[in-house]
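A.B. asks: Protein chains in written order, with our numbering: chain A, 2 to 353; chain B, 3 to 251.
For glycine and all other residues, C-beta sits at the position ideal for the given N, C-alpha and C.
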Ligand SMILES: Cc1ncc(C[n+]2csc(CCOP(=O)(O)OP(=O)(O)O)c2C)c(N)n1
């Protein structure tokens with residue numbers, strides 16, 4: 002059966018993706034530009050027997066998420082940059098307690114209160130872990146409204162598969178624009194929840210904890226988490242276009258990738274040997290993809306709506322085999338495809 | 003069948019594990035733990051119980067209780083408990099927190115959970131100091147009381163006055179039961195047990211938030227022997243009166 006498309010905002014697509022995945026609990030605190038998510042959840046979740054609760058702060062919201070997730074139900078929170086910063090302490094606990102939970106950051110410009118326009122300034126915060134300790138979130142970055150819907154649903158599945166918090170990192174550009182969405186049925190696989198706190202019926206009490214004081218305990222704990230992060234590499238996703246015989250790979254993620262892709266297409270129409278690379282998983286980063294593309298003589302141009310963050314991951318992946326250049330566009334400065342095209346041309350000229 | 007007159011004086015609560023407490027001699031956490039275990043057992047909710055372990059001396063709750071227990075970050079126990087209870091309303095959810103946890107870093111989460119009338123039971127162990135970190139000032143430190151960060155005694159002009167949490171919560175419409183108890187005398191131990199029972203019933207009967215504040219001795223940080231520390235709890239009770247402040251049962 003064909004699903005009729007509907008016209009929705011990116012934020013709404015995220016909320017619909019969560020519902021399609023069977024999200025049962027949503028906790029959040031209002032902040033622009035992501036309020037469509039809680040507003041949609043407030044309308045839809047109670048109808049479906051789920052729970053919507055507006056918390057008194059992002060701190061409370063993410064800890065409600067922790068409590069709900071610990072009982073094994075599918076749960077989510079969403080916020081935007083300053084709110085995500087407030088949640089950072091509990092992010093570390095979610096990872097340490099190995100709780101599957103979905104966190105959405107429809108990020109905005111910073112630092113500080115910054116502005117509410119599109120920005121990718123939270124890349125480090127998302128991929129390095131905003132909280133303390135050696136931990137990571139699984140981070141997915143959609144670049145279309147259809148993908149926002151599907152990746153959000155996927156985030157619930159991966160979170161359960163790895164007992165691991167997953168983040169959708171997007172921004173106001175994707176969050177606020179409208180595009181047709183086919184809200185197709187999504188089957189989210191179930192994984193055993195033999196860790197969930199559901200009441201000790203006929204069994205000993207279970208514990209979810211992160212305090213390990215015994216000799217070697219904490220080390221073992223950290224090693225377990227790191228093994229899991231390595232296993233998560235199986236989930237790496239990237240979109241690569243026109244890789245054959247390209248001299249220049251233009252790299253971008255999320256909403257920025259839309260503008261960059263257009264610029265790459267323009268360049269190719271004019272006959273330039275340019276390719277397009279879009280990491281979809283920001284953690285784990287598609288290192289292997291970059292390693293395979295890199296060789297002497299080719300160049301990477303990393304375009305970001307921030308002061309240059311993902312470029313570091315590209316450099317680490319390319320590991321000196323190719324040149325890597327950064328086109329950093331701090332927030333407020335939304336480029337047109339022509340701006341990027343001009344920069345692509347300059348890159349190619351300088352190479353010759 | 004036991005004969006009618008035969009009363010068993012002591013049984014070990016099924017809900018407690020047989021692990022030896024790590025608490026310092028004379029600390030009242032041990033008595034509070036036992037009462038909590040007895041009440042969970044008496045109400046028959048062991049298999050529905052969900053505890054939130056907080057930060058502080060009681061963070062090892064899960065070593066002693068054979069029920070499901072989740073750890074929450076410092077102060078956020080009432081928010082985590084809210085999430086668990088909303089996700090699975092059939093669970094009987096409780097938090098077990100120190101005064102620093104409940105009333106300093108976590109005051110917002112605590113008050114809002116109470117204001118919402120969350121169907122949870124919050125237990126605050128008020129020993130007037132931060133026990134685990136070595137006896138620093140807490141929101142409940144008495145005026146004049148010496149702590150490691152108020153070496154000359156708490157000066158209200160600098161640090162203000164003790165926060166009376168039970169009195170604050172008693173005014174909240176969402177709070178169905180609110181009491182302050184002590185366990186430094188046998189009669190008070192029995193009263194404390196009854197208060198805990200009622201605080202759980204408030205949740206089980208879907209009436210609202212249940213709160214029990216224990217005045218508790220902290221001999222090591224008070225620098226008193228266990229007997230003197232137990233006596234000092236009477237002094238605490240002058241600032242923090244014992245009693246039931248709200249009971250909607
Ligand atoms: C965010 C954060 N800040 C500080 C601490 C350090 N810390 C551990 S226990 C504690 C105080 C606990 O005092 P209280 O809640 O009164 O419990 P008690 O130890 O007295 O039973 C503090 C401040 C922490 N664990 N996390």
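Please confirm whether residue 91 of chain B has its beta-carbon closer than 7 Å to some beta-carbon of chain A.
C.D. replies: Start at 1 with the first residue of the second chain, and residue 91 of chain B comes out as number 89. Not an interface residue.
A.B. asks: Confirm, please, whether the CB-CB distance from residue 51 of chain B to residue 63 of chain B is below 7 Å.
C.D. replies: Here residue 63 of chain B corresponds to residue number 61 of the second chain, with the count starting at 1. Here residue 51 of chain B corresponds to residue number 49 of the second chain, with the count starting at 1. No, Cβ-Cβ distance for residue 63 of chain B and residue 51 of chain B is not below 7 Å.
A.B. asks: Are any of the Cβ atoms in chain A nearer than 7 Å to that of residue 78 of chain B?
C.D. replies: Within the second chain, residue 78 of chain B is the residue found at index 76, counting from 1. Closer than 7 Å to some Cβ of chain A, the Cβ of residue 78 of chain B qualifies, so yes.
A.B. asks: Sort B:24, B:73, B:231, B:132 by Cα distance to residue 208 of chain A and report the nearest one.
C.D. replies: Position 207 of the first chain holds residue 208 of chain A. Checked all of B:24, B:73, B:231, B:132; the closest Cα to residue 208 of chain A is B:73.
A.B. asks: Going along the chain, which residues of the stretch 60-73 of chain A sit with their C-beta nearer than 7 Å to a C-beta in chain B?
C.D. replies: Those residues of the stretch 60-73 of chain A that come within reach of chain B (Cβ to Cβ, closer than 7 Å) are 60, 61, 64, 65, 66, 67, 68, 69, 71, 72.
A.B. asks: Using a cut-off of 8 Å between C-beta atoms, extract the partners of residue 26 of chain A located in chain B.
C.D. replies: Position 25 of the first chain, counting from 1, holds the residue named residue 26 of chain A. By Cβ distance, chain B contributes 85, 88, 89.
A.B. asks: Output the distance between the C-alpha atoms of residue 40 of chain B and residue 12 of chain A, rounded to the nearest integer angstrom.
C.D. replies: Residue mapping note: residue 40 of chain B aligns to position 38 of the second chain, counting from 1. Residue mapping note: residue 12 of chain A aligns to position 11 of the first chain, counting from 1. Computed Cα separation, rounded: 49 Å.
A.B. asks: Pull up the distance between the alpha-carbon of residue 226 of chain A and that of residue 21 of chain A, whole angstroms please.
C.D. replies: Sequence index remark: in the first chain, residue 226 of chain A carries index 225 (1-based). Sequence index remark: in the first chain, residue 21 of chain A carries index 20 (1-based). For residue 226 of chain A and residue 21 of chain A, the distance between alpha carbons rounds to 29 Å.
A.B. asks: Tell me which residues share the same chain as residue 222 of chain A and place their Cβ nearer than 6 Å to its Cβ, disregarding the 5 neighbours each side in the sequence.
C.D. replies: To locate residue 222 of chain A, count along the first chain from 1; it is residue 221. So the qualifying residues of the chain are 213.
A.B. asks: Which of the three DSSP states, helix, strand or coil, is assigned to residue 68 of chain B?
C.D. replies: Against the second chain, residue 68 of chain B aligns to sequence position 66. Three-state DSSP puts residue 68 of chain B in coil, outside helix and strand.
A.B. asks: How many angstroms separate the CA atom of residue 144 of chain A from the CA atom of residue 150 of chain A?
C.D. replies: As a working mapping, residue 144 of chain A is identified with position 143 in the first chain. As a working mapping, residue 150 of chain A is identified with position 149 in the first chain. In a straight line, the C-alpha of residue 144 of chain A is about 11 Å away from that of residue 150 of chain A.
A.B. asks: Under a three-way DSSP split, which group does residue 180 of chain B fall into?
C.D. replies: By one-based count along the second chain, residue 180 of chain B stands at place 178. The answer is strand: DSSP assigns residue 180 of chain B an E or B state.
A.B. asks: Can you tell me which of B:245, B:241, B:224 puts its alpha carbon nearest to the alpha carbon of residue 28 of chain B?
C.D. replies: Position 26 of the second chain, counted from the first residue, corresponds to residue 28 of chain B. Closest option to residue 28 of chain B, Cα to Cα, is B:224.
A.B. asks: Provide the residue(s) that pair with residue 187 of chain A in DSSP beta bridges, ordered along the chain.
C.D. replies: As a position in the first chain, residue 187 of chain A is number 186, starting the count at 1. Paired residue(s): none; residue 187 of chain A is not in a bridge.
A.B. asks: Please confirm whether residue 214 of chain B has its beta-carbon closer than 7 Å to some beta-carbon of chain A.
C.D. replies: As a first step, residue 214 of chain B is located in the second chain; it is residue number 212 there, counting from the start. Residue 214 of chain B does not count as touching chain A.
A.B. asks: How is residue 299 of chain A classed by DSSP in three states: helix, strand or coil?
C.D. replies: Reading the first chain from its first residue, position 298 is the one you call residue 299 of chain A. In the structure shown, residue 299 of chain A sits in coil (DSSP, three-state: anything other than H, G, I, E or B).
A.B. asks: Exposed or buried, which one is residue 101 of chain B when buried takes at least 16 other CB atoms within 10 Å?
C.D. replies: Counting from 1 along the second chain, the entry for residue 101 of chain B is found at position 99. Residue 101 of chain B is buried by the Cβ-count criterion.
A.B. asks: Exposed or buried, what is residue 35 of chain B when buried is set at 16 or more other beta-carbons lying within 10 Å of its beta-carbon?
C.D. replies: Sequence index remark: in the second chain, residue 35 of chain B carries index 33 (1-based). Buried.
A.B. asks: At least one CB of chain B closer than 7 Å to the CB of residue 94 of chain A: is that the case?
C.D. replies: The residue given as residue 94 of chain A occupies position 93 in the first chain. True, the Cβ-Cβ gap to chain B drops below 7 Å.
A.B. asks: Tell me which residues share the same chain as residue 244 of chain A and place their Cβ nearer than 7 Å to its Cβ, disregarding the 5 neighbours each side in the sequence.
C.D. replies: Here residue 244 of chain A refers to the residue found at position 243 when the first chain is read from its first residue. Closer than 7 Å at the Cβ level, and outside the excluded window around residue 244 of chain A, lie 276, 294.
A.B. asks: Would you mind telling me which residues of chain B sit closer than 9 Å to residue 200 of chain A, beta carbon to beta carbon, in chain order?
C.D. replies: For the purposes of this step, residue 200 of chain A is taken as the residue at position 199 of the first chain. Going along chain B in sequence order, the residues near residue 200 of chain A (Cβ under 9 Å) are 47, 48, 49, 50, 51, 52, 69, 70, 90, 92, 93, 94.
A.B. asks: Would the stretch 251-268 of chain A and the stretch 71-90 of chain A be scored as touching if the rule is three or more Cβ pairs under 8 Å?
C.D. replies: At 8 Å Cβ cutoff, the stretches do not touch.
A.B. asks: At a threshold of 6 Å, does residue 140 of chain B count as lining ligand 1 (C-beta to nearest heavy atom)?
C.D. replies: Residue 140 of chain B sits at position 138 when you count from the first residue of the second chain. Within the cutoff, so yes.
A.B. asks: Determine, using beta-carbon pairs with one atom in the stretch 54-70 of chain A and one in the stretch 96-112 of chain A, whether at least three such pairs fall under 8 Å.
C.D. replies: Yes, they touch.
A.B. asks: Runs of 3 residues minimum, wholly inside the stretch 39-88 of chain B: which ones carry the beta strand (DSSP E) assignment?
C.D. replies: Runs found: 51-55, 70-73.
A.B. asks: If I follow the unbroken alpha helix (DSSP H) through residue 243 of chain A, where does it start and stop?
C.D. replies: If you number the first chain from 1, residue 243 of chain A lands on position 242. First-last for residue 243 of chain A: undefined, no H or E at that position.
A.B. asks: Just to confirm the assignment, what range does the beta strand (DSSP E) spanning residue 55 of chain A have?
C.D. replies: Position 54 of the first chain holds residue 55 of chain A. Residue 55 of chain A -> beta strand (DSSP E) spans 52-55.
A.B. asks: Within 7 Å of any Cβ in chain A, is that where the Cβ of residue 114 of chain B sits?
C.D. replies: Within the second chain, numbered from 1, the residue matching residue 114 of chain B stands at position 112. Yes, contact with chain A.
A.B. asks: Give the residues of chain A in contact with residue 110 of chain B, contact being defined as C-beta atoms less than 8 Å apart.
C.D. replies: By 1-based counting over the second chain, the position of residue 110 of chain B is 108. Here the neighbours are 57, 58, 60, 61.
A.B. asks: Which residue marks the beginning of the beta strand (DSSP E) containing residue 96 of chain B, and which one marks its end?
C.D. replies: Here residue 96 of chain B refers to the residue found at position 94 when the second chain is read from its first residue. Looking at the DSSP string, the run of the beta strand (DSSP E) that includes residue 96 of chain B is 94-100.
A.B. asks: Just how far apart, CA to CA, sit residue 46 of chain A and residue 52 of chain A?
C.D. replies: The count along the first chain starts at 1 and reaches residue 46 of chain A at position 45. The count along the first chain starts at 1 and reaches residue 52 of chain A at position 51. In a straight line, the C-alpha of residue 46 of chain A is about 6 Å away from that of residue 52 of chain A.
A.B. asks: How is residue 249 of chain B classed by DSSP in three states: helix, strand or coil?
C.D. replies: As a first step, residue 249 of chain B is located in the second chain; it is residue number 247 there, counting from the start. If DSSP states are grouped into helix, strand and coil, residue 249 of chain B belongs with the strands.
A.B. asks: Any heavy atom of ligand 1 within a distance shorter than 6 Å of the CB on residue 66 of chain B?
C.D. replies: Residue numbering aside, residue 66 of chain B sits at position 64 when the second chain is read from its first letter. Because no heavy atom of ligand 1 lies under 6 Å away, the Cβ of residue 66 of chain B does not count as near it: no.
A.B. asks: For a cutoff of 7 Å on Cβ pairs, would you count residue 163 of chain B as touching chain A?
C.D. replies: The count along the second chain starts at 1 and reaches residue 163 of chain B at position 161. Chain A contact via Cβ: absent.
A.B. asks: Closest by CA to residue 97 of chain A, which one among A:75, A:49, A:163?
C.D. replies: Walking along the first chain from the start, residue 97 of chain A turns up at place 96. It is A:163.
A.B. asks: Starting from the N-terminal side, write out each stretch of the beta strand (DSSP E) that is 3 residues or longer and does not extend beyond the stretch 208-295 of chain A.
C.D. replies: Within the stretch 208-295 of chain A, the complete beta strand (DSSP E) runs of at least 3 residues are 239-242, 249-252, 275-280, 282-284.
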